[in-house]
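Q: The structure follows.
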Ligand code: NAD
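Numbering (the working numbering), first residue to last: 315 to 754.
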């Protein structure tokens with residue numbers, strides 16, 4: 315640990331602030347050194363993290379590397395490759411009334427001490443990827459992993475101090491009491507990933523100190539399948555996106571909207587896609603994950619009756635296993651349609667066509683992601699113009715968040731602010747306006 319077990323949250327924050335105030339974290343050399351050490355942690359100790367992810371979520375080694383460990387390594391490499399360019403002061407034209415010798419520019423200043431609070435579903439990636447941006451921006455960082463992924467939390471609490479500068483980076487483990495105590499402290503930015511109920515608590519606590527906040531939240535991300543789309547391709551991509559991490563992905567397609575004919579044909583394609591991915595007995599597949607805990611298992615079990623089972627439907631509480639499940643004939647107000655599913659259940663809701671699909675989406679909270687499967691340019695254009703979502707994916711779920719040159723974040727109920735790549739520098743820095751006029 316970076317701190318003795320008796321060190322209180324206030325003491326940890328005070329220690330990090332004292333370090334930040336010395337200026338130690340500001341030079342670009344310190345920042346790149348931390349990123350390199352974080353990279354070394356992931357490459358040298360990736361197997362430990364993969365084992366922890368398997369213990370917490372039944373994640374396969376392949377999935378652990380692809381979606382958490384290598385994902386973060388790629389984010390680090392992208393940042394190391396561009397940081398100098400991103401940090402360069404950006405000139406702004408000075409207006410004529412200030413005279414020809416006046417110049418203006420912006421420069422990025424680190425904010426200070428940043429708190430990163432992570433959830434359990436991608437417990438390594440969602441703690442470390444924000445840290446990449448916070449460190450690259452020259453901040454001290456206090457990292458709070460999720461207590462609901464205890465093995466990963468413990469691994470991160472051991473590894474981060476072993477690799478990073480312990481004077482400027484600390485890990486505090488714990489649940490509600492520890493996080494509540496942390497939120498009493500003053501931070502210069504809070505980066506929270508998780509659900510909207512806690513997001514509101516974070517925002518309220520931050521208001522006391524006028525601390526800026528990024529909220530990476532969730533919600534129901536729709537997938538509209540247009541008439542005439544190649545349904546074998548659609549089903550394969552939907553199933554991969556939905557059933558990754560047993561559906562416990564913030565940007566997973568939550569439900570499908572399609573006209574009745576398309577929906578009927580999609581059913582068979584989804585049955586084939588699930589069999590191709592996980593075989594006839596997904597419980598025996600090493601590539602298929604488990605539900606994080608009994609509480610979520612019970613919640614999801616209660617949603618299995620929301621429609622006609624097309625494939626799956628089975629579950630085993632002792633193993634926290636819920637089969638990859640597709641439900642058809644789902645009513646718009648069925649239980650499975652009233653909350654973010656966050657599990658391996660894919661409901662299909664029928665709509666008359668594009669107009670009704672757009673109305674359906676716009677009648678609900680703005681989603682974190684919206685997916686559209688269509689060959690029609692007009693449909694693409696109408697969806698882009700007439701709906702609002704954190705991200706928009708044509709033809710491929712989840713993939714937009716692997717493009718580090720795109721901002722990742724929500725809008726409305728799905729969150730505020732964004733990150734990845736240079737957008738993380740925007741989030742974790744203050745862009746200072748500078749005007750210069752020579753004295754003579
Ligand atoms: P969680 O239960 O692990 O909670 C997230 C964090 O909040 C944890 O670190 C936890 O300790 C802390 N926390 C919980 N209760 C608290 C309280 N009362 N006060 C202070 N802190 C508290 O994770 P979760 O919220 O179940 O995560 C799932 C949600 O997160 C889903 O809605 C999902 O869509 C969303 N999510 C969003 C993203 C994204 O990038 N936008 C990524 C993953 C998950």
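By construction, the Cβ of each residue, glycine as well, lies at the ideal position given by its N, Cα and C atoms.
1) Taking DSSP as the reference, what is the three-state secondary structure of residue 500?
2) Below 6 Å, is the gap between the Cβ of residue 509 and the nearest heavy atom of ligand 1?
3) Span of the beta strand (DSSP E) holding residue 664?
4) Looking only at C-alpha atoms, which of 439, 428 and 391 sits nearest to residue 363?
5) Using a Cβ-Cβ cut-off of 7 Å (strictly less than) and excluding sequence neighbours within five positions of residue 419, which residues of its own chain qualify?
6) Any heavy atom of ligand 1 within a distance shorter than 6 Å of the CB on residue 691?
7) Is residue 614 helix, strand or coil by DSSP?
8) Can you give me the C-alpha to C-alpha distance between residue 553 and residue 536, rounded to a whole angstrom?
9) Is residue 756 buried or exposed, if buried means 16 or more other CB atoms sit within 10 Å of its CB?
10) Contact between the region 525-543 and the region 566-583: three or more CB pairs below 8 Å?
11) What does the alpha-carbon distance come out to for the pair residue 708 and residue 588?
12) Taking the Cβ atom as the reference point for each residue, do residue 620 and residue 650 lie within a distance shorter than 7 Å?
13) Along the beta strand (DSSP E) that carries residue 323, what are the first and last residues, could you check?
14) Assign residue 317 to one of three DSSP states: helix, strand, or coil.
15) Tell me, please, which residues DSSP counts as bridged to residue 423.
16) Quick one: what's residue 526 bridged to in DSSP?
17) I'd like to confirm something about residue 620: is its beta-carbon nearer than 6 Å to some heavy atom of ligand 1, or not?
18) For residue 377 and residue 385, I'd like the C-alpha separation in whole angstroms.
19) When you compare only the Cα positions, how much space is there between residue 367 and residue 601?
20) Return the residue from the list 607, 348 and 464 that minimises the CA-CA distance to residue 478.
21) Considering only residues of the same chain and omitting the five flanking positions on each side of residue 736, which have a CB-CB separation below 6 Å?
22) Let's test the definition: count the other Cβ atoms within 10 Å of the Cβ of residue 425 and tell me whether it reaches 16, buried, or not, exposed.
23) Whole angstroms are fine: how far does the CA of residue 580 sit from the CA of residue 701?
24) Is residue 472 near ligand 1, judged by its Cβ being under 6 Å from some heavy atom?
25) Could you pull out every unbroken alpha helix (DSSP H) segment of at least 4 residues lying fully inside the region 670-700, listed in chain order?
26) Please list the terminal residues of the continuous beta strand (DSSP E) segment that includes residue 639.
27) Give me the Cα-Cα distance between residue 490 and residue 611, rounded to the nearest whole angstrom.
28) Work out the CA separation of residue 430 and residue 723 for me, nearest whole Å.
29) Would a C-beta distance cut-off of 7 Å place residue 710 and residue 551 closer than the cut-off?
30) State the DSSP-derived secondary structure class of residue 538, mapped to helix, strand or coil.
31) Just checking residue 417 against ligand 2 - is the residue's beta carbon closer than 6 Å to any of the ligand's heavy atoms?
32) Check each candidate in 527, 325, 379 and 608 and name the one with the smallest Cα separation from residue 742.
33) Helix, strand or coil: how does DSSP classify residue 752 here?
34) Under 7 Å between the Cβ atoms of residue 640 and residue 660?
35) Grab the span of the beta strand (DSSP E) containing residue 707 for me, first residue to last.
36) Nearer than 6 Å: is that true of the beta carbon of residue 462 relative to any heavy atom of ligand 1?
A: So, from the data block:
1) Residue state for residue 500 is assigned as coil, using DSSP reduced to three classes.
2) The answer is yes for residue 509.
3) Run containing residue 664: 659-664, per the beta strand (DSSP E) assignment.
4) Nearest neighbour of residue 363 by Cα position, chosen from 439, 428 and 391, turns out to be 439.
5) Taken in chain order, the residues that qualify are 403, 404, 405, 406 and 748.
6) For residue 691, the distance from the CB to the nearest heavy atom of ligand 1 is not below 6 Å.
7) Residue 614: helix per DSSP, three-state reduction.
8) Taking the straight line joining both Cα atoms gives about 14 Å.
9) Since the first and last residues shown for the chain are 315 and 754, residue 756 lies out of range.
10) Contact holds: three or more Cβ-Cβ distances are below 8 Å.
11) Their Cα atoms are separated by approximately 21 Å.
12) Yes, they are a contact pair.
13) Not the beta strand (DSSP E): residue 323 falls in the alpha helix (DSSP H), residues 323-336.
14) Caution is warranted here: a pLDDT of 48 is assigned to residue 317, below 50, making its placement in the model unreliable, and the coordinate value is therefore given only provisionally. DSSP places residue 317 in coil when its eight states are reduced to three.
15) Paired residue(s): 744.
16) Beta-bridge pairing links residue 526 to no other residue.
17) Within 6 Å of the C-beta of residue 620 there is not a single heavy atom belonging to ligand 1.
18) One C-alpha to the other measures close to 10 Å.
19) Residue 367 and residue 601: Cα-Cα distance of roughly 13 Å.
20) Closest option to residue 478, Cα to Cα, is 348.
21) These residues qualify, in order along the chain: 400.
22) That one is buried.
23) Each residue's alpha carbon lies about 24 Å from the other.
24) Taking 6 Å as the cut-off, one finds no heavy atom of ligand 1 near enough to the beta carbon of residue 472.
25) If we require 4 residues or more, the alpha helix (DSSP H) runs fully inside the region 670-700 come out as 691-700.
26) Where residue 639 is concerned, the enclosing beta strand (DSSP E) stretches over 639-642.
27) Straight across, the Cα-Cα distance linking residue 490 with residue 611 is about 21 Å.
28) The alpha-carbon atoms of residue 723 and residue 430 are separated by roughly 15 Å.
29) Less than 7 Å separates the beta-carbon of residue 710 from that of residue 551.
30) Note: residue 538 maps to strand in three-state DSSP.
31) Among the ligands modelled here, namely ligand 1, ligand 2 does not occur.
32) Cα-wise, what sits closest to residue 742 is 527.
33) Taken through DSSP and simplified to helix, strand or coil, residue 752 comes out as coil.
34) Between residue 640 and residue 660, the CB-CB gap stays under 7 Å.
35) Residues 705-708.
36) Checking every heavy atom of ligand 1 against the Cβ of residue 462, one is found closer than 6 Å.
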